[in-house]
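Below is one structure, written out as structure tokens, with a few remarks after it.
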Amino acid sequence: MADTLWVYLQGFLTLFIIFDPIGNVPLFHAFTSSFEAQKKIKILNDSVKVAFIILAVFAVIGTYILDFFNISMNDFKIAGGVLLFIMSIEGLLGKEEGRWMNREDVAIVPLATPLMAGPGSIYTVMYLMQPPNGPLVAFFAIITNVILQWALLRSSNKLMKVLGRAGSTIISRVMAFILSAIAIGMIRSGLVGAYIGG
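Dropping the structure here:
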């Protein structure tokens with residue numbers, strides 16, 4: 011029972027760190043600062059719906075895409091680990107946001123993708139679909155993270171008052187550092203698997 015709970019928790023935390031929901035709060039606030047409350051809610055709802063659909067689709071058919079292109083899971087672990095490591099470095103250095111300020115289409119780009127359902131998140135849900143995790147763990151991670159992201163962004167005004175931009179930035183940088191460690195682990199796992207498998 012404890013092992014099962016840990017698998018679910020680990021799946022949730024892995025996607026949570028990549029989602030960086032707290033780090034996305036100031037971005038969402040900046041992107042939508044000129045919109046009225048009703049417009050902000052519509053943007054938020056649209057972004058989480060699109061992010062969920064993207065992640066769910068790749069969770070289900072992602073392995074078929076790999077098979078079609080003759081890419082092994084070990085290859086994908088290595089590539090995904092490198093990608094997540096690059097994302098972690100970018101997270102440590104900060105995110106570019108100015109060009110997206112107050113645009114009408116921010117619900118899809120960049121909120122839904124790449125901030126929520128970006129390459130790192132897509133790789134992670136495909137990774138979570140594999141043993142010892144599986145579909146239940148993957149979809150648990152997707153659903154809980156999407157709901158949590160919605161709740162945090164829904165409260166972005168209040169959170170910005172509590173955390174401030176500096177507090178949110180600090181949390182985001184710490185999560186980026188943790189993500190870099192996860193990325194190294196994925197790369198190592200892929201290299202070991204490729205070596206053993208020949």
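Take the position in the sequence shown, starting the count at 1, then add 10; the result is the number in my numbering. Where is the CB? At the ideal position from N, CA and C, for every residue including glycine.
I'd like the list of long-range same chain contacts for residue i, defined as Cβ closer than 6 Å, with 5 residues on each side in sequence excluded.
i, result
"residue 62", "156"
"residue 132", "68"
"residue 84", "200, 203, 204"
Please go through the same chain and pick out, in chain order, the residues whose beta-carbon is closer than 7 Å to the beta-carbon of residue i, but skip the five residues on each side of it.
i, result
"residue 201", "88"
Grouping DSSP H, G and I as helix and E and B as strand, with all else coil, what is residue i?
i, result
"residue 36", "helix"
"residue 42", "coil"
"residue 81", "coil"
"residue 55", "helix"
"residue 143", "coil"
"residue 13", "helix"
"residue 172", "helix"
"residue 127", "coil"
"residue 116", "coil"
"residue 165", "coil"
Check this for me: beta carbons of residue i and residue j, under 7 Å apart or not?
i, j, result
"residue 35", "residue 166", "yes"
"residue 65", "residue 188", "no"
"residue 170", "residue 39", "yes"
"residue 60", "residue 118", "yes"
"residue 193", "residue 86", "no"
"residue 22", "residue 154", "yes"
"residue 129", "residue 173", "no"
Would you check whether the ligand PLP has a heavy atom nearer than 6 Å to the C-beta of residue i?
i, result
"residue 169", "Absence of the ligand PLP from the depicted structure is noted, as is the absence of any ligand whatsoever, leaving it without description."
Distance, Cα to Cα, residue i vs residue j?
i, j, result
"residue 178", "residue 138", "28 Å"
"residue 51", "residue 207", "49 Å"
"residue 49", "residue 121", "14 Å"
"residue 20", "residue 73", "21 Å"
"residue 25", "residue 37", "19 Å"
Between which residues of its own chain and residue i is the CB-CB distance below 8 Å, once the five residues before and five after are set aside?
i, result
"residue 185", "27, 30, 32, 33, 101"
"residue 123", "60, 61, 64"
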